[in-house]
Structures are given as structure tokens and as C-alpha cells.
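Here's the structure, in C-alpha cells; my notes come after.
Structure below.
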């Protein structure tokens, strides 16, 4: 019998994704949606965008986080079943990007919740998003 | 006293993080039974303080900032800002730059309308339309990648011209992709316009009359679908739009179906504009894409551009320095969203969704102004009015100093 760790068992196949769009410009959001559509089609790997974080294995975060979003992000992270993989997509969620100097900016995502993978780019191409998630899966 | 449950309105919140929406925003639908009685919109989840940030950036950097107001209309904002700055500097850009600007603007309109058509299909429960249309959107993004180097956020604009040229040997490739796209558009229009289910779901739903449009000051395809023929490209021509032949698409009905029709037919107009611009490019000398602008004088300027959703308006004050002193942005969704009060009220909840989606609301464009909240007890300490008062006080103080 194969001895697998709990985490590698959980994240073995058919990841369900939940997408949290912070104060973003929408570019990363539409690129995430693009991953689901025929050209990239992540659904063939069993990945599915779900409506509630309670059903999700992966939490995708795009956009910079402002004061108002920060409360909601913490709330959503609390609701998520653990263990959960958190992926910061795009320059804004990785570092704050161009909005880091803004007056409502509440820190990059990793200052608020633990982040497992960063996918930089403005916006990252769908290929980059897929590559990032698979690299994360291999590591686990 | 017995509590009357029947007459108490039920509040159905949509958002702020709802599977229906790509962006965070909160709609509260006040319902009586299944009929929507009132809509309230709460926002601020997307506020980034862009106008303030703009004051700390140089004019060249502001282009990259305004591009990131909205990812879907990421050319309209730099377009309006460029028009605005060129009014202040008083410079006429070369024809080749005008054509390139218009090509990028129209390609963006096609990709935005396709994106919307897909999402509308998704809202109606037609996931096939969603997948199908987004597949056809990919060649447009490929064109963007060929021309500008990025799928979204193109960084093409600068004061006095554009940053990159479209070499003439690239024109046949673009033309080939456009031909393929035209064929796909014909298929799509045929299917959507003749589908009896789409007719049943969208005809007579979310009707906005001509008077409503004028009352709410709605712009873009929302206005054009109700018979108000406003289009900045025609009313206040900029870039290459006066140099090419095209017409403003309008419809009279004002319902969701009319909005679908206007958007789908507009894409054909856009393709025709791009083709004429490509012809124009061949006549102009390669590499003649910008006028060097050495410094920006003191002054005020306004710039407008027709985004896929309507008119984008930028206002900039300069003082002869390197960055704007004041930068005001008004995006089309700001006025279009207010029409929800008319289009959703009296509908069933299921029709409210498509009525909400029909104006193609874009929240990242809209969020310019916010209230100041006390972070700990969540009570507003400054409202919009107070902020205006504060800003007036600041003006008074500045007046005294100068």
C-alpha cells in the first residue's frame, strides 16, 4: 500500500478552485476565466471554478487588496476548508504592483494570509497560470 | 401585534464575492415575492485611489497607471488621457499614429464585446455560447500579442503618438486573422439572432426607453440600444475616425435583446474600421509614429474616448511640472449602472440578473470616489459631502497661500 501524506492525498487530483478578485483591474480575472475556455481548458485536469470557498481546494487571489477587501479576504480564508493552497496571481497580489503606493492599499496578500505560490505578470498569461499551479502541485 | 411576513420585503444580496460576478460588488435586491422592488448598490471593494496616485507619477508613467484602471477597456483610458494631454500641449499627431490608435481601439472593442456576449450567454444558462465565444476571442488576443507584445494591457500610447509601429509586412497577417474572425462573427450573429430561446429570455426584458436614457445620462451601447445615437467617435471625432467610413449602430427597442444586437453588429463595424485603417497604414511612411513633446505647459484639458461601454472622460490640470496637479476620471459604467433602478425594478429575480449584466457594468472603472470609514467600528466618519467640504477648505487655504 502506498503511504501518502495527508496533503498529497488531498491535492492528488481534481482540484476545485475559488477565485477571489480583490481591487483588481480585471485583467487577471479574465485571464483566469480564459483558462477555463476551450483553448486552455483546465477542466480536462478536473479543475473547476466553484461558487463557494467551502468547496474549494485552491484559493486564487488576484488584484491588490484594499482596506475594505482585507476584512473579506480574512473572512473567506477562515471559511475555507484546511488544508488549502493559496495562489497569488498577478503583480498586484504578489507585491501590490502599481497600486502599492495607493492610499487604500492594505498590504500584499502574503502580509494578510499565508501564500503557497506566486504567479507574477501583468497580467500573467494563461499558460503561466497553469504552469504555476502545476509546479505547486508537484512540490506538495 | 401579528407580524405581517407577506408584506415584508425580502432582501437578496448578490455579492460582494458571488460566482456570478468576476468583480467584487454588492447588489441588494429588495424583493416582494419574486418581483424586484428596489435595487441598492454598495461599492468600494475595488477602490485603489488612482486619481491620487496619478498626481505622484510623471506623465509617461500615468499612461501605465490609467491602463490599469480597467483591464478590459485598457486602451480607452490611455486614449482619453492622450487626447486630454494633446489638448494641453496642443499637438497634432501623425496620421500613421492615428491609424494605429484606432486599430488598437477597435480591436479592443471587438474583444470586449465578445467577452460580454460570452458572459451574457453564461448568465442566460447558455454555457455553450460562453465557451464558443471565448474561443473566438482568442484570435483577437493573438492579434494584440502580435502587435503590442501583450494579450491585455498594451502600453501603446504616449503623448504625441504611439510607442510601437505596426510594420507594413504585418498587415497581411492581421488581415488574414480578421477574415477568419469575420466568418466566425457571421456564424455567431446568425445563431444568436435566430435562437427562439434567446428571443424569449431577452425580448421585453429590462426595457429602457429613450427618456430613461436621457434622464440617467446613460452612454454607449446602452444608450444606442434605446435609439439615442450618441457615440464620441462621431460626435467629437478623434484619432482616425474622421478618416474612415463607418456608421453608428442603433436599435429602438431598449430591451436586452436590442443591446445584444447593437453589440454584435458593432463588431462588424469595428472590423470594417480596422480594415480601412490597415489600408491607410499602407499609404503612410513607416516609422512616422510620433511627435516629440519636450515639455507640458501649464493648463487644463479634457479628453474623451469611446470605450466599448461608452464615453470615457478624463480631465487633467497641469502646472508646467512633470505630473498632473489634478486628474479626474469618469468611466461609462458610472452613469450606466444607475439605470438598474429602472431596468431591474418590476422584473422577476431571474430576469434581474441579465438586466444587470446587459449594460456590461465594469466596476473597476467606476470606483473613483469613496467614503472615509473608521476602520475599527465600521462607522462612516466622513461622507462624500464632508469630503467635498474638506476639499473646498483646501482650495480656500491654497488660495490664501498663492
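Chains as they are written, first to last, in my numbering: chain A, 20 to 159; chain B, 46 to 447.
Built from N, CA and C at the ideal position, the CB exists for glycine as well.
For residue 349/B and residue 34/A, the rounded distance between their alpha carbons: 45 Å
Residue closest to residue 73/A, alpha-carbon to alpha-carbon, out of 95/A, 125/A and 143/A: 95/A
Through-space distance from residue 215/B to residue 144/B, alpha-carbon basis: 14 Å
N-terminal and C-terminal residue of the alpha helix (DSSP H) that residue 291/B is part of: Looking at the DSSP string, residue 291/B is not in any alpha helix (DSSP H), and its letter there is neither H nor E.
Classification of residue 173/B by the beta-carbon crowding that lies within 10 angstroms, buried from 16 upward: exposed
C-beta neighbour in chain A for residue 97/B, strict 8 Å: yes
Simplified DSSP state of residue 280/B, which is helix, strand or coil: helix
C-beta contact flag for residue 261/B and residue 378/B at 8 Å: no
Proximity of residue 110/A and residue 128/A at Cβ, strictly below 8 Å: no
Three-way DSSP call (helix, strand, coil) for residue 99/A in this model: coil
Own chain partners of residue 134/B with C-beta closer than 8 Å, once the 5 adjacent residues on each side are dropped: 204, 205, 338, 341 and 342
Under the three-state DSSP convention, the category residue 34/A falls into: coil
Reduced DSSP secondary structure (H/G/I, E/B, other) of residue 85/A: strand
Contact residues within the region 162-176 of chain B, judged by C-beta distance below 7 Å to chain A: 176
Span of the alpha helix (DSSP H) around residue 312/B: 301-328
Burial state of residue 304/B, where buried means 16 or more other Cβ atoms lie within 10 Å: buried
Any chain B beta carbon closer than 8 Å to residue 87/A: yes
Boundaries of the beta strand (DSSP E) in which residue 358/B is found, first to last residue: 355-364
Proximity test, Cβ basis, 8 Å: residue 90/B and chain A: yes
Contact with chain A by residue 137/B, beta-carbon distance below 8 Å: no
Minimum Cβ-Cβ distance from residue 139/A to chain B less than 8 Å: no
Buried versus exposed, by CB contacts within 10 Å (16 or more), residue 400/B: buried
Minimum Cβ-Cβ distance from residue 100/A to chain B less than 8 Å: no
Segment contact flag, the region 315-325 of chain B with the region 163-180 of chain B, C-beta cutoff 8 Å, min 3 pairs: no
Partner residues on chain A for residue 198/B, Cβ-Cβ distance less than 9 Å: 44, 46, 141 and 142
Residue 115/B versus residue 355/B: straight-line alpha-carbon distance, rounded: 14 Å
Burial state of residue 286/B (16 or more Cβ within 10 Å): buried
Contact set between the region 110-134 of chain A and chain B, restricted to residues whose Cβ is under 7 Å from the partner: 117, 118, 120, 121, 122 and 123
Beta-carbon proximity of residue 112/B to residue 101/B, cut-off 8 Å: no
Residues sharing a beta bridge with residue 86/B, DSSP: 72/B
Coil, strand or helix - residue 105/B by DSSP: helix
Buried/exposed call for residue 392/B, threshold 16 Cβ in 10 Å: buried
C-alpha distance - residue 284/B paired with residue 127/B, whole-angstrom precision: 10 Å
Residues near residue 369/B by beta carbon distance below 7 Å, same chain, minus five either side: 99, 100, 107, 361, 362 and 363
Best match in 372/B, 398/B and 390/B for proximity to residue 80/B [C-alpha to C-alpha]: 390/B
Contact set for residue 86/A: own chain, Cβ-Cβ below 7 Å, skip 5 residues either direction: 123 and 125
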